[in-house]
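**Student:** Starting off with a structure, shown below.
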Amino acid sequence: RPPGRAARGVPPPTPVGARRLLRVGSMSEQPTPRARDRWPLLLGALHLGHTLWYGRLYPDGIFDPDLLAYFVYWKNLVTGTTSLHGSSYFTVPKPLPVFLLGPLGSAPAAFALSAIAAAAFGVLVYLIGRRLFGQATGVLCSLAVLLDIDRATLTAHSSADFFLTLFLFASIYATLTRRYVLSGTALLLATLAKPVALPCLLHLLAVDEPDRRRARLAAAIPLVAIPLTLLSNQLLLGSPMGSERFFAGFAAMSEGSQMPASDLLRFVLWVELVKTIFVATAPFGVLGLVVWIGRDTKRLTNPFLLVPICFLFGYLALSITTPFVAFARFFWPVQVWFGCFVVFGIMETARRLTPGRPRLRTGLAAALLVFLLDGQLTRQLSYRAHFAEPFQQTMDFVASTAPLLATERAPGETILAPLAFLPYLLWTLDDARMHPEVVRTAELFAQNAALPPPDWILYVPKIAIGERTVEAENALLATGLYRPLMMSEDAPGALYVRANRTGPLAQLAPR
263 RPPGRAARGV PPPTPVGARR LLRVGSMSEQ PTPRARDRWP LLLGALHLGH
313 TLWYGRLYPD GIFDPDLLAY FVYWKNLVTG TTSLHGSSYF TVPKPLPVFL
363 LGPLGSAPAA FALSAIAAAA FGVLVYLIGR RLFGQATGVL CSLAVLLDID
413 RATLTAHSSA DFFLTLFLFA SIYATLTRRY VLSGTALLLA TLAKPVALPC
463 LLHLLAVDEP DRRRARLAAA IPLVAIPLTL LSNQLLLGSP MGSERFFAGF
513 AAMSEGSQMP ASDLLRFVLW VELVKTIFVA TAPFGVLGLV VWIGRDTKRL
563 TNPFLLVPIC FLFGYLALSI TTPFVAFARF FWPVQVWFGC FVVFGIMETA
613 RRLTPGRPRL RTGLAAALLV FLLDGQLTRQ LSYRAHFAEP FQQTMDFVAS
663 TAPLLATERA PGETILAPLA FLPYLLWTLD DARMHPEVVR TAELFAQNAA
713 LPPPDWILYV PKIAIGERTV EAENALLATG LYRPLMMSED APGALYVRAN
763 RTGPLAQLAP R
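If you count the sequence shown from 1, you need to add 262 to reach the working numbering.
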């Protein structure tokens, strides 16, 4: 037999697992062996089960206004209706949810699809955490997301922000595993959910040799979203830049303050993450991030760091070009990302304070994780009491008015309703979908006293935006021009009709 490799001075063959060292920038991450890892199946089942439970707890919560707006856009597209092309306000169309969820035309069907996606997202968070922080931390990161009320809510609503986050994390994992075409495709889908994800393609340009060329070619894939979004706006709004008027229209009706570019980072990183979401555990997130980068400064080019930064840059650019009213759900990807570092920071603190004492380390980590658990449960109970349950009650009432409106309301008769129920009325009333002007938002009515009184009033003060809106509705009802047809016992809501009504104000021909 010929002499062995050692005798000939030849190094032993590289193990298969080591050949798969990932190079992102100039950093290498050793993948964790996948043999007999049952955590993905278990965590996926937990996320799916929790999502289905939440949907059963609030069955009418799945009728989110944005989702119903996507149904309206799709129905208008397939029927050739152009009524929204001249509207001053409607939900801004996002190509991905419009063309993915719109054809379903059913909120339960959209929820079923989102529930499956939620299970996949829970697994993605675990896989990324396992690769970067270790298996135990990866499991805890996924469980932390499971307890996040925003995950349950955004999934139940089939929100564009949920799908955006799903595909951003899919892109991160694909890059970590050197699947660059898949990463670029995921970024394409994220950008079709919201264009602010487009700058995230920059993380592919940070990939070092030997994969630099493949990664840079994949970085061109998300650029396809630009013409696709412009084409979508042309089809749905009649203009490639038609969504800009909706941003301005919402800001005028919502009485919200548009987010200045100079205040965006403070709002996201300080107000949301530190003062609102991770009140007691934010220092662990900062510590985890510092320790993780401090161990290897080459991690500055890691996609798990670059993608959230580029995502924030996308919103920063939007705030400069098109000022908008900011909501916390817009920045949910950053919230999930920072939550992973909170978990990692807690685990590192326990490890460093208890060297060589595994049982004490486990106990300390569990004690510190209680603060994270308490914060998540507190937010969950607060949201359910102040938002989920009121919306469930009001949506249940509004849905109960549909049969009466279908039989008693004549086509063309105007309806005054809160802004949140504009998509619902356009979805359920064909004449309103073809002529959106018959639905007058209570918020706009409160700003323009010259508008004529409507034929019908869908009175739901809990959902109306601003005290001025409720005051204007109450003043209108106090005139004695209206009589109630339906009253809600569980929530303050009612359906009123004009007492002297003899018929529709105008018969509108379909267009």
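Backbone N, C-alpha and C fix where the C-beta goes; we use that ideal spot for every residue, glycine too.
1. Leaving out the 5 sequence neighbours to the left and right, which residues in its chain are closer than 6 Å to Ala452 when beta-carbon positions are compared?
2. Hey, how far is the Cα of Gly755 from the Cα of Phe586?
3. What number of angstroms, rounded off, separates the C-alpha of Val286 from the C-alpha of Asn564?
4. Taking the alpha carbon of Asn495 as the reference point, which residue from Pro620, Ile488, Gly504 has its own alpha carbon closest?
5. Could you please give the first and the last residue of the uninterrupted alpha helix (DSSP H) stretch that includes Pro673?
6. Run through the DSSP bridge pairs and tell me what Ile719 is partnered with.
7. Going by DSSP, which residues form a beta bridge with Tyr744?
8. Please tell me whether Trp718 and Leu757 are closer than 9 Å, where the distance is taken between their beta carbons.
9. For the beta strand (DSSP E) that Arg702 lies in, which residues bound it at each end?
10. Can you have a look at Val552 and say buried or exposed, based on whether 16 or more other CB atoms are within 10 angstroms of its CB?
11. Which residues does DSSP pair with Met749 in a beta bridge?
12. Quick one: residues in its chain with C-beta nearer than 7 Å to the C-beta of Arg441, no 5 flanking neighbours on either side, listed in chain order?
13. List in chain order: all unbroken beta strand (DSSP E) runs of 3+ residues lying wholly within the segment 364-423.
14. Please classify Pro502: does DSSP put it in a helix, a strand, or coil?
15. Quick one: Cα of Pro489 to Cα of Gly500, how far?
16. Going by CA-CA distance only, name the one from Ala647, Gln397, Phe606 that's closest to Arg298.
17. Ignore the nearest five residues each way along the sequence and tell me which others in Ser716's own chain have a CB closer than 7 Å to its CB.
18. Can you name, in chain order, every residue of its own chain whose Cβ lies under 6 Å from the Cβ of Thr313, other than the five neighbours on each side?
19. For Ala481, which option in Leu567, Phe508, Glu471, Ala448 has the closest C-alpha, if you only look at C-alpha atoms?
20. Any idea what DSSP makes of Asn564, helix, strand or coil?
21. Quick one: what does DSSP say Leu308 is sitting in, helix, strand or coil?
22. Distance, Cα to Cα, Glu651 vs Leu467?
23. Give the straight-line distance between the Cα atoms of Asn762 and Ala372, rounded to the nearest whole angstrom.
24. Along the chain, where does the alpha helix (DSSP H) containing Trp599 start, and where does it finish?
25. State the CB to CB distance for the pair His309 and Gly384, rounded to an integer number of angstroms; the pair is presumed to be in contact (CB under 8 Å).
26. Can you tell me which of Tyr744, Leu463, Trp315 puts its alpha carbon nearest to the alpha carbon of Phe414?
27. DSSP on Lys724, reduced to helix/strand/coil?
28. Which word fits Ala477, buried or exposed, when buried means at least 16 other C-beta atoms lie within 10 angstroms of its C-beta?
29. Kindly indicate the opening and closing residues of the alpha helix (DSSP H) around Leu551.
30. For the candidate residues Pro502, Phe352, Asp326, Tyr577, whose alpha-carbon lies nearest to that of Ser421?
31. What's the call for Gly742, buried or exposed, on a 16-neighbour Cβ count within 10 Å?
32. Could you check the C-alpha separation between Pro302 and Phe566 for me, to the nearest Å?
33. Quick check: the Cα distance between Phe592 and Asp423, rounded to an integer number of angstroms?
34. Just tell me which of Arg475, Phe540, Val401, Ser581 has its CA closest to the CA of Val300.
35. Around the C-beta of Gly317, are 16 or more other C-beta atoms found within 10 angstroms, so that it is buried, or is it exposed?
36. What separation, rounded to the nearest whole angstrom, lies between the Cα atoms of Phe395 and Thr343?
**Tutor:** Let me spell this out:
1. Against the sequence shown, residue 452 aligns to sequence position 190. Within the same chain, Ala452 has close Cβ partners Leu426, Phe429, Leu430, Ala459.
2. In the sequence shown, the residue the question calls residue 755 occupies position 493. In the sequence shown, the residue the question calls residue 586 occupies position 324. Distance between the alpha carbons of Gly755 and Phe586 is about 30 Å.
3. Here the question's residue 286 lines up with position 24 in the sequence shown. Here the question's residue 564 lines up with position 302 in the sequence shown. Because the pLDDT of Val286 is 41, which lies under 50, any placement of that residue in the model is unreliable, and the question is left without a value.
4. Here residue 495 corresponds to residue number 233 of the sequence shown, with the count starting at 1. Here the closest residue by C-alpha is Gly504.
5. In the sequence shown, counting from the first residue as 1, residue 673 sits at position 411. From DSSP, Pro673 is part of no alpha helix (DSSP H); its letter is neither H nor E.
6. Start at 1 with the first residue of the sequence shown, and residue 719 comes out as number 457. Answer by DSSP bridge pairing, in chain order: Leu678, Tyr758.
7. Working through the sequence shown from its first residue, we reach residue 744 at position 482. Arg760.
8. Within the sequence shown, residue 718 is the residue found at index 456, counting from 1. Within the sequence shown, residue 757 is the residue found at index 495, counting from 1. Yes, they are a contact pair.
9. Against the sequence shown, residue 702 aligns to sequence position 440. It spans 701-703 - the beta strand (DSSP E) in which Arg702 sits, taken as one unbroken run.
10. Residue mapping note: residue 552 aligns to position 290 of the sequence shown, counting from 1. Exposed.
11. Counting from 1 along the sequence shown, the entry for residue 749 is found at position 487. According to DSSP, which records beta bridges pairwise, Met749 is partnered with Ala756.
12. For the purposes of this step, residue 441 is identified with residue 179 of the sequence shown, where counting begins at 1. No residues qualify anywhere along the chain.
13. none
14. Stepping through the sequence shown from its first residue, residue 502 is reached at position 240. Coil.
15. Position 227 of the sequence shown, counted from the first residue, corresponds to residue 489. Position 238 of the sequence shown, counted from the first residue, corresponds to residue 500. Cα to Cα, the separation comes out at about 15 Å.
16. Here residue 298 corresponds to residue number 36 of the sequence shown, with the count starting at 1. The shortest C-alpha separation from Arg298 is found at Gln397.
17. If you number the sequence shown from 1, residue 716 lands on position 454. Before going on, a small fix: residue 716 reads as Pro here, not Ser. Sequence-distant Cβ neighbours of Pro716 in its own chain, meaning closer than 7 Å and more than five residues away, are Thr676, Ile677, Leu678, Arg702.
18. Here residue 313 is taken as the residue at index 51 of the sequence shown, counted from 1. Contacts found: Ala377, Ala380, Thr417.
19. Counting from one through the sequence shown, the residue named residue 481 turns up at place 219. Ranking Leu567, Phe508, Glu471, Ala448 by Cα distance to Ala481 puts Ala448 first.
20. Sequence index remark: in the sequence shown, residue 564 carries index 302 (1-based). Three-state DSSP puts Asn564 in coil, outside helix and strand.
21. For the purposes of this step, residue 308 is taken as residue 46 along the sequence shown, with counting starting at 1. Three-state DSSP puts Leu308 in a helix.
22. For this step, residue 651 is matched to residue 389 along the sequence shown. For this step, residue 467 is matched to residue 205 along the sequence shown. Going from the Cα of Glu651 to the Cα of Leu467 covers about 46 Å.
23. Within the sequence shown, the letter at position 500 stands for residue 762. Within the sequence shown, the letter at position 110 stands for residue 372. Rounded to the nearest angstrom, the two C-alpha atoms are 42 Å apart.
24. For the purposes of this step, residue 599 is identified with residue 337 of the sequence shown, where counting begins at 1. Per DSSP, Trp599 belongs to the alpha helix (DSSP H) from 594-615.
25. Here residue 309 corresponds to residue number 47 of the sequence shown, with the count starting at 1. Here residue 384 corresponds to residue number 122 of the sequence shown, with the count starting at 1. The Cβ separation is near 3 Å, so the contact holds.
26. Within the sequence shown, the letter at position 152 stands for residue 414. Per the sequence shown, the amino acid found at residue 414 is Ala instead of Phe. Checking every option, the nearest Cα to that of Ala414 belongs to Trp315.
27. For this step, residue 724 is matched to residue 462 along the sequence shown. Lys724 falls in the coil class under three-state DSSP.
28. Position 215 of the sequence shown, counted from the first residue, corresponds to residue 477. It counts as buried.
29. Sequence index remark: in the sequence shown, residue 551 carries index 289 (1-based). Per DSSP, Leu551 belongs to the alpha helix (DSSP H) from 544-557.
30. Locating residue 421 in the sequence shown gives position 159, counting from the first residue. Of the listed residues, the one whose Cα sits closest to Ser421 is Asp326.
31. On the sequence shown, position 480 is the one that residue 742 refers to. That one is exposed.
32. By 1-based counting over the sequence shown, the position of residue 302 is 40. By 1-based counting over the sequence shown, the position of residue 566 is 304. Cα-Cα distance, rounded: 20 Å.
33. The sequence position of residue 592 within the sequence shown is 330, counting from 1. The sequence position of residue 423 within the sequence shown is 161, counting from 1. Cα to Cα, Phe592 sits roughly 6 Å from Asp423.
34. Residue 300 sits at position 38 when you count from the first residue of the sequence shown. Residue 300 is actually Arg in this sequence, not Val. Measuring from the Cα of Arg300, the nearest candidate turns out to be Val401.
35. On the sequence shown, residue 317 is found 55 positions in, with the first residue counted as 1. Gly317 should be labelled buried.
36. Locating residue 395 in the sequence shown gives position 133, where the first residue counts as 1. Locating residue 343 in the sequence shown gives position 81, where the first residue counts as 1. So the two alpha carbons sit approximately 52 Å from each other.
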